[in-house]
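First comes the structure, then the notes that go with it.
Residue numbers (our numbering): 21 to 202.
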């Protein structure tokens, strides 16, 4: 029997730890990947992810029924990551392309792998030239697969700000990549 996410949330709000464990299973991978993109250290990302889920468990009574769970969780994770990194005096750095593209298929041919590594280096160079805010929206859009509305909720920004920063980031990436390839 497959229970929908809304039902799991209702059960978890009522204290059902098994329901919350299933929510964790559904969202842990994305939460961990997002934390890695923010802090670039696996052990710190694990700590941030675990802390975010603890905060989510404690905050479930305040969760608004009918709202999507992932953006709510990502907002908790993002704020917890900022707090944790601030405490450790570790600030947001450029998104690590190694983390963004660590899932290169093992069945790649050597030529294909070399091309992938070359592209990775190009993109790493381009991402390093974006502003911190542009890297954040890129990480949340393409790393956590959030919509613009969800990103606005996570970052606490107006939707127009998210759209403009995302568009500027895409334009800047295109321009820098075309310059790199000339």
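In this text, a Cβ means the ideal position worked out from N, Cα and C, and glycines have one as well.
Helix, strand or coil at residue 83 [DSSP, three-state]
Within the chain shown, the letter at position 63 stands for residue 83. Of the three classes helix, strand and coil, the one that applies to residue 83 here is coil, per DSSP.
Using beta carbons (cut-off 8 angstroms, strictly below), is residue 92 in contact with chain B?
The displayed structure is made up of one protein chain only, and chain B is not part of it.
With residue 171 as the anchor, note down where its alpha helix (DSSP H) starts and where it stops.
To locate residue 171, count along the chain shown from 1; it is residue 151. Run containing residue 171: 168-175, per the alpha helix (DSSP H) assignment.
Which whole-angstrom value describes the C-beta separation of residue 33 and residue 81, a residue pair presumed to lie in contact below a C-beta threshold of 8 angstroms?
Within the chain shown, residue 33 is the residue found at index 13, counting from 1. Within the chain shown, residue 81 is the residue found at index 61, counting from 1. Rounded to the nearest angstrom, the Cβ distance from residue 33 to residue 81 is 6 angstroms, consistent with a contact under 8 angstroms.
Beta-carbon gap between residue 100 and residue 75 smaller than 8 angstroms:
Within the chain shown, residue 100 is the residue found at index 80, counting from 1. Within the chain shown, residue 75 is the residue found at index 55, counting from 1. Yes, the Cβ-Cβ distance between residue 100 and residue 75 is below 8 angstroms.
Of the listed residues 189, 182, 169, nearest to residue 147 (C-alpha basis):
If you number the chain shown from 1, residue 147 lands on position 127. Nearest to residue 147 by alpha-carbon distance, out of 189, 182, 169, is 189.
Would you tell me roughly how many angstroms separate the C-alpha atoms of residue 114 and residue 23, rounded to the nearest one?
Residue 114 sits at position 94 when you count from the first residue of the chain shown. Residue 23 sits at position 3 when you count from the first residue of the chain shown. Confidence at residue 114 is low in this model, with a pLDDT of 48, below 50, so the placement of that residue should be treated as unreliable; the coordinate-derived value is given next. Cα to Cα, the separation comes out at about 38 angstroms.
Same chain, Cβ closer than 8 angstroms to residue 72, neighbours up to 5 away in sequence not counted
For this step, residue 72 is matched to residue 52 along the chain shown. Cβ neighbours of residue 72 beyond the five flanking positions: 51, 55, 93, 96, 97, 100, 101.
Supposed close pair residue 172, residue 58 - CB separation, criterion 8 angstroms:
Along the chain shown, read from residue 1 onward, the residue named residue 172 stands at position 152. Along the chain shown, read from residue 1 onward, the residue named residue 58 stands at position 38. Between residue 172 and residue 58, the beta carbon gap of about 17 angstroms keeps them out of contact (Cβ cut-off 8 angstroms).
In or out: residue 68 buried (at least 16 other Cβ within 10 Å) or exposed?
Looking up residue 68 in the chain shown gives position 48. Looking at its Cβ environment, which holds 16 or more other Cβ atoms inside 10 Å, residue 68 is buried.
Taking the C-alpha atoms as reference points, what is the distance between residue 177 and residue 38?
Translated into positions along the chain shown, residue 177 becomes position 157. Translated into positions along the chain shown, residue 38 becomes position 18. Their backbone Cα atoms lie some 34 angstroms apart in a straight line.
Using the rule of at least 16 other Cβ atoms within 10 Å of the residue's Cβ for burial, across every protein chain shown, is residue 103 buried or exposed?
On the chain shown, position 83 is the one that residue 103 refers to. So residue 103 ends up on the exposed side.
Rounded to whole angstroms, what is the Cα-Cα separation between residue 192 and residue 150?
The residue you call residue 192 lines up with position 172 of the chain shown. The residue you call residue 150 lines up with position 130 of the chain shown. Looking at the backbone, the Cα of residue 192 and that of residue 150 are separated by about 8 angstroms.
Please list, in chain order, all residues of the same chain as residue 125 whose beta carbon is under 7 angstroms from its beta carbon, the five residues on each side excluded.
In the chain shown, the residue the question calls residue 125 occupies position 105. With a pLDDT of 44 at residue 125, under the threshold of 50, the modelled position of this residue cannot be trusted, and the question is left open.
Flag this pair as yes or no: are the beta carbons of residue 60 and residue 90 separated by less than 8 angstroms?
Looking up residue 60 in the chain shown gives position 40. Looking up residue 90 in the chain shown gives position 70. Taking 8 angstroms as the Cβ cut-off, residue 60 and residue 90 do not qualify as a contacting pair.
Can you say whether residue 182 is buried or exposed, counting buried as having 16 or more other CB atoms within 10 angstroms of its CB?
Position 162 of the chain shown, counted from the first residue, corresponds to residue 182. Burial call: buried.
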